[in-house]
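Mapping of the sequence shown onto mature numbering (1 follows the signal peptide of the UniProt record, and there is no 0): residues -30 to -1, 1 to 192, in sequence order.
By construction, the Cβ of each residue, glycine as well, lies at the ideal position given by its N, Cα and C atoms.
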Amino acid sequence: MTTRRPWARRAAVTAVSTAALAALVVPAEAATTTTSTSTTSTTTAATATVTATAAAAEDVDYATWQQDCQAVMDQALPYLKQRTAATKPGEKQAIVFDVDNTTLETDFGFSYPQPANKPVLAVAKYAQEHGVSLFFVTARPGIIASVTDYNLDHVGYQVSGLYVRGFSDLFKDVATYKTAQRVDIESKGYTIIANIGNSATDLSGGHAEKTYKLPDYDGQLS
Ligand SMILES: [Mg+2]
């Protein structure tokens, strides 16, 4: 049985393209850190409340991925409508997003700037039009922060903050690093009403009222 898996080829190509992107702006030795966004963790986030119904991985193509993302965002939007309508006096609401294969079409968008993941952009736009600040927490290394910030802004996200991994963060596991950034956002007075990502490591660790898990197809999408 040799079922073709187009997503797997795309994921491999993307790893190369991300490295190439970094190579444009950094010395060669720094580019070696760009593969650190991938994870093989299969841990299920205990706090995840909404999870994509993953199709069999062999069947995943772009249309399936988009349908799976839309199904999760179809649950996020009604919650956001209700939550933003119930803003408490003085409350600063925020949503935290992962970047790769969450807000951007990383593994399916072989181009730069990478296109927005449309179902997620629609939810983000509703939020930003209703006073919610958008924060982006990515395992991408700091060396490509500016191209990431430009990319997010270019496709329509209003970036209130972009957290990338500094040198010392490279020695922490991704979930610990990402949780620490949410603590930092809270320390600035924000209430994180939702955390949206496609990997378990985006969502574990608390510090969000709700979590929404997009598909990663058993770790195949970073
Ligand atoms: Mg991701």
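With respect to 7 Å, is the separation between the Cβ of residue i and the closest non-hydrogen atom of ligand 1 below this value?
| i | result |
| --- | --- |
| Asp38 | no |
| Asn71 | yes |
| Asn168 | yes |
| Ser192 | yes |
| Asp68 | yes |
Just grab the DSSP bridge partners of residue i for me.
| i | result |
| --- | --- |
| Gly176 | Note: Gly176 sits in no beta bridge, so no partner. |
| Ala86 | Leu74 |
| Gln63 | Thr161 |
| Gly167 | Lys183 |
| Leu132 | Phe106 |
Classify residue i as buried or exposed, calling it buried when 16 or more other Cβ atoms lie within 10 Å of its own Cβ.
| i | result |
| --- | --- |
| Thr14 | Here Thr14 scores only 39 on pLDDT, less than 50, and its place in the model should not be relied on; the value that follows carries that caveat. Classification for Thr14: exposed. |
| Gly79 | buried |
| Ala145 | buried |
| Thr10 | Reliability of the predicted coordinates at Thr10 is poor, the pLDDT of 36 falling under 50, and the value obtained from them is presented with this limitation in mind. Thr10 is exposed by the Cβ-count criterion. |
| Phe105 | buried |
| Lys142 | exposed |
| Asp188 | exposed |
| Ser138 | exposed |
| Leu173 | buried |
| Gln84 | buried |
| Gly175 | buried |
If you follow the alpha helix (DSSP H) that residue i is part of, which residue opens it and which one closes it?
| i | result |
| --- | --- |
| Thr108 | Looking at the DSSP string, Thr108 is not in any alpha helix (DSSP H); the run it does join, the beta strand (DSSP E), is Ser103 to Pro111. |
| Gln36 | Tyr32 to Ala55 |
| Ser116 | Ala115 to His124 |
Determine, for residue i, whether the minimum Cβ-Cβ distance to residues of chain B falls below 8 Å.
| i | result |
| --- | --- |
| Ala33 | Absence of chain B from the displayed structure is noted, only one protein chain being present. |
(message) Counting beta carbon pairs with one atom in the segment 85 to 94 and one in the segment 105 to 115, are three or more of them shorter than 8 Å?
(response) By the Cβ criterion, the segment 105 to 115 is not in contact with the segment 85 to 94, since fewer than three pairs of Cβ atoms, one from each stretch, lie closer than 8 Å.
(request) Please confirm if the segment 179 to 186 is in contact with the segment 43 to 53, defined as three or more CB-CB distances below 8 Å between the two stretches. (result) By the Cβ rule, the segment 179 to 186 counts as touching the segment 43 to 53, because three or more pairs are nearer than 8 Å.
(message) Could you check whether the segment 63 to 70 touches the segment 157 to 175, counting it as contact only if at least three pairs of C-beta atoms, one from each stretch, sit closer than 8 Å?
(response) Result yes; three or more Cβ-Cβ pairs closer than 8 Å.
(request) Decide yes or no for the touch test of the segment 124 to 131 against the segment 29 to 36: beta carbon pairs closer than 8 Å, at least 3 of them. (result) The segment 124 to 131 makes no contact with the segment 29 to 36; the number of CB pairs closer than 8 Å stays below 3.
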